[in-house]
Every structure is written in structure tokens, then in C-alpha cells.
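Enquirer: Residue numbers (our numbering), protein chains in the order written: chain W, 3 to 248; chain Y, 3 to 248.
Don't be surprised by glycine CBs; every beta carbon is placed ideally from N, CA and C.
Could you have a look at this structure, given as C-alpha cells, before my questions?
There are 2 protein chains.
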Amino acid sequence: MIDLMARPESAPILVVDDDPKIVALVRAYLERERFRVVTAGDGRAALRAIEEHAPRLVVLDLMLPEVDGLAVIRRTRAMGDIPILVLSARGSTGDRIQGLTEGADDYLPKPFSPAELVARVRTILRRSERDALDAAGEVRFRAGDLEVDLARHRVRVAGREVVLSVLELRLLVALLAADGRILSRDQLLDAIHGVGEADVTDRAIDVYVKRLREKLGDDPAAPRFVATVRGAGYRAATTVERLAPA
Amino acid sequence: MIDLMARPESAPILVVDDDPKIVALVRAYLERERFRVVTAGDGRAALRAIEEHAPRLVVLDLMLPEVDGLAVIRRTRAMGDIPILVLSARGSTGDRIQGLTEGADDYLPKPFSPAELVARVRTILRRSERDALDAAGEVRFRAGDLEVDLARHRVRVAGREVVLSVLELRLLVALLAADGRILSRDQLLDAIHGVGEADVTDRAIDVYVKRLREKLGDDPAAPRFVATVRGAGYRAATTVERLAPA
DNA sequence: ACGCCGCGTCACGGACCCGTCATGGTTGTC
DNA sequence: GACAACCATGACGGGTCCGTGACGCGGCGT
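Below, the structure written as C-alpha cells:
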């Protein structure tokens, strides 16, 4: 699904644990599922990583040196809508309660299975991204003479109304929300169909882009809206302006 | 009974929880979205705050000292149409059932993510404000050469009087009130029959729409009033103007 | 009691959309 | 300049979704 909150599909998942084995393990599981992953070994590094990478999800061990896990939760929350999955050594319910009331999104006791971890991650991402869409239903964009109103499913180019299919609109919004950042075909597939929901060749994106450009009256050679980045993906060609709710 | 019109956009959201951390958390989330927020730490304070501030929404933890959460719900209900969002520690379904049957508008189990909370708040506010309008009955719209007066059950197209059935009129008003936003078939069913009252296939909406378009003289292929959004629902085709009560 | 009007279901036909493939052009590299 | 990789495009088949007509049911008024 589409995430409008300046937290594009390209954002990585941040894994925080002081045990390098755990970190490596989790990283392996997630990367096998084609998620990007960044890591931190203590709370201080975690906070730095959060600011630097703006992750789409934080997987966090509550037991941390330097800066306490709860502090990381609070700081993360303060930064925005980044969801948090708390890990914790054996089912110490104390941790669980504390973590959850402090604002974590979910809790996973160690030891956990790869499948479990990935399932939780998927669930959280889906939920948070659906909610982001819901909350941001009123979001509108302008990019050059292109105007997009997601809630109204309305797109205009130079004042002229253009009718897009649902997928075409999602593609467009994903690109605009990324604000010029490059999105890979896989990321766009996630954005369009939902995380991990796509049973589709990534070449399908090419076709979506073609149809979208067609309807917008865009020329691949001199793109006004959707620019191709050879070997990488696509991005918005013009600067994007986020408009206030109607 | 609180006068609906005396509860403008500027009215605050009241957050009630005995845990100061939760209160602070929720306040932070909501204020980041530019909502005004007032808070109360127990039921007694909550009741006072409701009378004093006439909030547009109450976010309420059911577990409260002094005065029980359910009591707060009842008193709030007695005061007027203030919507209530119930929070509750872990998915204790008991609370949920109790809260909802007692008259809460929605329920959010802890832990919740910021996006989730904000999404619910937005949804509830949208819904309640639409309902308030509806209840007042003093609703008139203009959309192109279409005029609708709900209170008088009167619809005119280009000056010519059109007779709609009750359901057709509700459908039309729902679409106009949404002001171009897409409404799913389920949402339209709720709007037409009342929330959860519909024991009906959502395809019935198609038929209502067909009959409505027929009477309005609308063409699905080039809609002037009711536009189809494939895979999503329906929406008002033209910009809608809300007229002052006659 | 009868007929009428409004409501809801169903099934059918068509339009639209989506995803794949093959082809040809473009870009970048060696 | 040749080659490989990558991308744009057109065509096509399958599938989904929507519009429509027909029918049945039930309430209401005559």
C-alpha cells in the first residue's frame, strides 16, 4: 500500500540489538524477504540511525546498553509514525507490558522463528500503511501543472481532467510521495499492490508507467512527470508540492 | 443537549486516561496533527472537562479511578452527540463489547500506533460531522444544475422537479455530502440504511445508482452527477456546493 | 382483495483493466 | 563501433467489475 508520510517504500527496516548474532539473524530473515535492513548495536546508535535513515519499521530489543530501549521507543514515537516491533528475552511479561504501554506496535518474545518474525513484520507494515493512507486520505499533490487528489481519485493536467485506473493512481502517488527519490520496480510493486502481495513480474511496472505517461501526456525522452532512471527505477521528474487538505 | 453548531472545528479533543504516559503520548500524536487537546486523569475530571470544553471527541480509557469509564460514556452520551473513542489495555474483548454496546463510536486496543489512532480519530470526526448535518436536516446542495433540499425532500435538475424515493435521496445526499470523496459500496449501504443495518448485497448499490441516474438523466459513461470509480465505489462527479439552510 | 410502487436479487453481456510476451530502439560499455 | 543490457511499445488473452433488464417479494393505499 501507499505510504504518504515521507516514509517511502525504499525506507529500510532498522534492527536494534546488542547481540550481534541476533542482529545478523534478523537481518538475514528480512533480507531474504527483500526488505532493506540497517542495524544498530546500542540505543545511541539506534537513535542516530533513526534520524539518518527514517526507517519504515524498527525491530527493537528492549535490553540495550548505553540508551535504554524504552528511551528509544519514546524518541522514535516523537519522530513520527514509525511502527515498532519489540523483541525481548524470554516472555518476561514486565518488559512486554512496559514496551506496549510505552507505544510499541507489537511484541515478539525470544526465541522466535523466522516465519513468525517475518509474519509480524508484514502485519505491522500492512496495518500501519493502511492507516497512514486512511489518516492521510485528504492528501493532495501538485507537481508542475499536475494536480492529484487521492481521496477524490481525481487527477488534472493543466486543468484538464484525466481518468486513471486505481493502480495507475497508486503508482503516481507513490512516485509523488517519494518526492523525487528513486523507487525501484520492486518498491513500486509493493507500493501498488501491498507489501509482499505482488505475484507479478517487475516488468509490469514498465507497462504501468507507459500507460500512466500516456494518460498524462508525458514523453519518456523529456519527462515532465515520470522520469526513468536507467538500471534503478523511476522517480518523479518535477519537484512535488504537498497541498493542504481540501 | 449541546448545540451542534456551538461545537466548531476549534473544539478540542478530550483525552482521558489515568496513566500520564498514555495521556502524553496521545496528546503528542494528536497535536502533531494540529488538533487541540485537553486532558483528564480520572472520570470525575473527565466529566468536568466535558462540560467546560464541549469537546468534539472524547478519547477514553475504560479503566479509570474515581468514576468508571462506562459511567463517563453514559454521562457523555446524555450530554449530546459527542463521539467517543474507547481505548483499552490489551485486547480484552470484554471491554470492547461493553464499551461499544454502551455507546462508544469506535474501539482501539492497546497497543496502538500513532497512525492508527489518528486514522480512527479522523474517521470518527468525519462520520460524526456528517451525521450531525444529517440530523439537523437542514441540508441543501447544489452541484452543477442539480439542487437538493433534504428537509423538503426536493430535487431539481435544471429547474425541473425530480421525484426520488427515500433511498435514492439518501444515496444522492451521501454522495454530495462526501464532496467528491470516494464512497465504497459498504459505506453507501451504511449511509443509506444505517450503520450495520444492511442485510443486503453491496451490489444493490449498483441498482440504486442505476435508478438514481435514470431519474437524474445521468449517463454512466459521461457522468454529470454520479461517477463510478472502478474497483473502489462511487463519488460525486462535479464539485458540490453546500447551501445555507433555507 | 387487488394492484401499484419501491426494494433487492440474479444472471448476462460488455467494458475495462491487468499482466505477459515479443519486438525494436536506446543507452552505456568495452 | 559492436555488443549487452535495459527500456518503450504494441498486441493479446484472461479476468474482474460494472450496467442493465427481468423477476419476485412485500407493504400500502385504494
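Are ILE15 (chain Y) and VAL39 (chain Y) touching if we call contact CB-CB under 7 Å?
Expert: Taking the second sequence and counting its residues from 1, one reaches residue 15 (chain Y) at position 13. Taking the second sequence and counting its residues from 1, one reaches residue 39 (chain Y) at position 37. Yes, these two residues count as a Cβ contact at 7 Å.
Enquirer: Measure the C-alpha to C-alpha separation of ILE84 (chain W) and ARG76 (chain W) and round it to an integer number of angstroms.
Expert: As a working mapping, residue 84 (chain W) is identified with position 82 in the first sequence. As a working mapping, residue 76 (chain W) is identified with position 74 in the first sequence. When rounded, the distance between both Cα atoms is 11 Å.
Enquirer: So if I threshold CB-CB distances at 8 Å, which residues from the segment 154-186 of chain W count as touching chain Y?
Expert: Taking 8 Å as the Cβ-Cβ cut-off against chain Y, the residues of the segment 154-186 of chain W that qualify are ARG154, HIS155, ARG156, SER167, VAL168.
Enquirer: GLY233 (chain Y) CB to nearest chain W CB: under 7 Å?
Expert: Within the second sequence, residue 233 (chain Y) is the residue found at index 231, counting from 1. Yes, contact with chain W.
Enquirer: Under the three-state reduction of DSSP, which class applies to ASP188 (chain W): helix, strand or coil?
Expert: Against the first sequence, residue 188 (chain W) aligns to sequence position 186. ASP188 (chain W): helix per DSSP, three-state reduction.
Enquirer: Could you check what DSSP says for LEU27 (chain Y) in three-state terms: helix, strand or coil?
Expert: On the second sequence, position 25 is the one that residue 27 (chain Y) refers to. Three-state result, LEU27 (chain Y): helix.
Enquirer: With a cut-off of 7 Å, does the C-beta of PRO10 (chain W) fall near any C-beta of chain Y?
Expert: The count along the first sequence starts at 1 and reaches residue 10 (chain W) at position 8. Note that PRO10 (chain W) scores a pLDDT of 46, beneath 50, so its modelled location is shaky; the value from the coordinates is reported in the next line. Closer than 7 Å: no.
Enquirer: So for THR203 (chain W), helix, strand or coil by DSSP?
Expert: Here residue 203 (chain W) is taken as the residue at index 201 of the first sequence, counted from 1. THR203 (chain W): coil per DSSP, three-state reduction.
Enquirer: Using a threshold of 7 Å, state whether the C-beta atoms of LEU127 (chain Y) and ASP108 (chain Y) are closer than that.
Expert: Against the second sequence, residue 127 (chain Y) aligns to sequence position 125. Against the second sequence, residue 108 (chain Y) aligns to sequence position 106. Not in contact: LEU127 (chain Y) and ASP108 (chain Y) (Cβ atoms no closer than 7 Å).
Enquirer: Could you give the distance in angstroms between the alpha-carbon of LEU62 (chain Y) and the alpha-carbon of ARG36 (chain Y)?
Expert: Sequence index remark: in the second sequence, residue 62 (chain Y) carries index 60 (1-based). Sequence index remark: in the second sequence, residue 36 (chain Y) carries index 34 (1-based). So the alpha carbons of these two residues sit roughly 19 Å apart.
Enquirer: Once you ignore the five residues that flank GLU33 (chain Y) on each side, which residues in its own chain have a CB closer than 7 Å to its CB?
Expert: Taking the first residue of the second sequence as 1, we reach residue 33 (chain Y) at position 31. Contacts found: VAL39.
Enquirer: Identify every run of the alpha helix (DSSP H) within the segment 103-167 of chain W, keeping only runs that are complete inside it and at least 4 residues long; order them along the chain.
Expert: Here the runs fully enclosed are 116-137.
Enquirer: At the level of alpha carbons, what is the spacing between HIS155 (chain W) and ASP151 (chain Y)?
Expert: Translated into positions along the first sequence, residue 155 (chain W) becomes position 153. Translated into positions along the second sequence, residue 151 (chain Y) becomes position 149. Near 27 Å, if we compare the C-alpha coordinates of ASP151 (chain Y) and HIS155 (chain W).
Enquirer: From the DSSP secondary-structure annotation, give me the bridge partner or partners of ASP236 (chain Y).
Expert: As a first step, residue 236 (chain Y) must be located in the second sequence, where it is residue number 234. According to the sequence as given, residue 236 (chain Y) is Tyr; it is not Asp. Paired residue(s): Y:LEU185, Y:THR230.
Enquirer: How close, in whole Å, do the beta carbons of ILE207 (chain Y) and ARG172 (chain Y) come, if the pair is a contact with beta carbons under 8 Å?
Expert: As a working mapping, residue 207 (chain Y) is identified with position 205 in the second sequence. As a working mapping, residue 172 (chain Y) is identified with position 170 in the second sequence. Rounded, the Cβ-Cβ distance is 12 Å, inconsistent with contact.
Enquirer: Alpha helix (DSSP H) containing ILE52 (chain Y): first to last residue?
Expert: Residue numbering aside, residue 52 (chain Y) sits at position 50 when the second sequence is read from its first letter. Start and end: 45-55.
Enquirer: Can you tell me which of the three DSSP states ARG244 (chain Y) falls into?
Expert: As a first step, residue 244 (chain Y) must be located in the second sequence, where it is residue number 242. In this structure, ARG244 (chain Y) counts as strand in the three-state DSSP scheme.
Enquirer: From ALA180 (chain Y) to ARG122 (chain Y), what distance separates their C-alpha atoms?
Expert: Here residue 180 (chain Y) refers to the residue found at position 178 of the second sequence. Here residue 122 (chain Y) refers to the residue found at position 120 of the second sequence. Looking at the two C-alpha atoms, the distance is approximately 17 Å.
Enquirer: Quick check on the DSSP output: the beta strand (DSSP E) that includes ILE15 (chain Y) runs from which residue to which?
Expert: As a first step, residue 15 (chain Y) must be located in the second sequence, where it is residue number 13. Start and end: 15-18.
Enquirer: Note down the Cα distance separating ARG70 (chain Y) from ILE52 (chain W), rounded to an integer number of angstroms.
Expert: Locating residue 70 (chain Y) in the second sequence gives position 68, counting from the first residue. Locating residue 52 (chain W) in the first sequence gives position 50, counting from the first residue. Residue 70 (chain Y) is actually Asp in this sequence, not Arg. If you take the alpha carbons of ASP70 (chain Y) and ILE52 (chain W), they lie about 40 Å apart.
Enquirer: Put ASP208 (chain W) into one of helix, strand or coil per three-state DSSP.
Expert: Counted from its first residue, the first sequence places residue 208 (chain W) at position 206. Three-state DSSP puts ASP208 (chain W) in a helix.
Enquirer: Indicate the three-state DSSP secondary structure (helix, strand or coil) for PRO22 (chain W) in the structure shown.
Expert: As a working mapping, residue 22 (chain W) is identified with position 20 in the first sequence. PRO22 (chain W): helix per DSSP, three-state reduction.
Enquirer: I'd like to confirm the pairing. Which residues does DSSP put opposite ALA42 (chain W) in its beta bridges?
Expert: Numbered from 1 along the first sequence, position 40 holds the residue referred to as residue 42 (chain W). For ALA42 (chain W), which the question treats as bridged, DSSP gives the partners W:VAL18.
Enquirer: Below 8 Å on the Cβ atoms is my contact criterion, and I expect LEU218 (chain W) with VAL175 (chain W) to pass it. Report the Cβ-Cβ distance as a whole number of Å.
Expert: Locating residue 218 (chain W) in the first sequence gives position 216, counting from the first residue. Locating residue 175 (chain W) in the first sequence gives position 173, counting from the first residue. Going by Cβ atoms, the distance from LEU218 (chain W) to VAL175 (chain W) rounds to 13 Å, so no, they are not a contact pair.
Enquirer: Nearest-angstrom Cα distance between PRO116 (chain Y) and ALA234 (chain W)?
Expert: The residue given as residue 116 (chain Y) occupies position 114 in the second sequence. The residue given as residue 234 (chain W) occupies position 232 in the first sequence. Whole-angstrom Cα-Cα distance: 32 Å.
Enquirer: So for VAL60 (chain Y), helix, strand or coil by DSSP?
Expert: In the second sequence, the residue the question calls residue 60 (chain Y) occupies position 58. VAL60 (chain Y): strand per DSSP, three-state reduction.
Enquirer: Is it the case that the Cβ atoms of VAL231 (chain W) and VAL211 (chain W) are separated by a distance below 7 Å?
Expert: The residue labelled residue 231 (chain W) in the question sits at position 229 within the first sequence. The residue labelled residue 211 (chain W) in the question sits at position 209 within the first sequence. Result no, Cβ atoms of VAL231 (chain W) and VAL211 (chain W) do not sit closer than 7 Å.
Enquirer: Which of the three DSSP states is assigned to ARG197 (chain W) in this structure?
Expert: Counting from one through the first sequence, the residue named residue 197 (chain W) turns up at place 195. Note that residue 197 (chain W) is Val in the sequence shown, not Arg. Coil.
Enquirer: Kindly list the residues whose CB is nearer than 8 Å to the CB of LEU178 (chain W), restricted to its own chain and excluding five residues on each side of it in sequence; keep chain order.
Expert: Within the first sequence, the letter at position 176 stands for residue 178 (chain W). The residues are PHE143, ALA145, VAL150, ALA238, VAL242.
Enquirer: Do VAL18 (chain W) and ALA56 (chain W) count as a contact pair if the criterion is CB distance below 7 Å?
Expert: Taking the first sequence and counting its residues from 1, the one referred to as residue 56 (chain W) is at position 54. Taking the first sequence and counting its residues from 1, the one referred to as residue 18 (chain W) is at position 16. Cβ atoms of ALA56 (chain W) and VAL18 (chain W): not closer than 7 Å.
Enquirer: In terms of DSSP beta bridges, what is ARG88 (chain W) paired with?
Expert: As a working mapping, residue 88 (chain W) is identified with position 86 in the first sequence. This sequence places Val at residue 88 (chain W); Arg is not what is there. DSSP output for VAL88 (chain W) lists W:LEU62, W:TYR109 as bridge partner(s).
Enquirer: Determine the direct distance from the alpha carbon of ASP20 (chain W) to that of ALA26 (chain W), and round the result to whole angstroms.
Expert: As a working note, residue 26 (chain W) is residue 24 in the first sequence. As a working note, residue 20 (chain W) is residue 18 in the first sequence. Each residue's Cα considered, the two are about 11 Å apart.
Enquirer: Are the beta-carbon atoms of SER90 (chain Y) and LEU64 (chain Y) separated by less than 7 Å?
Expert: Position 88 of the second sequence holds residue 90 (chain Y). Position 62 of the second sequence holds residue 64 (chain Y). Contact: yes.
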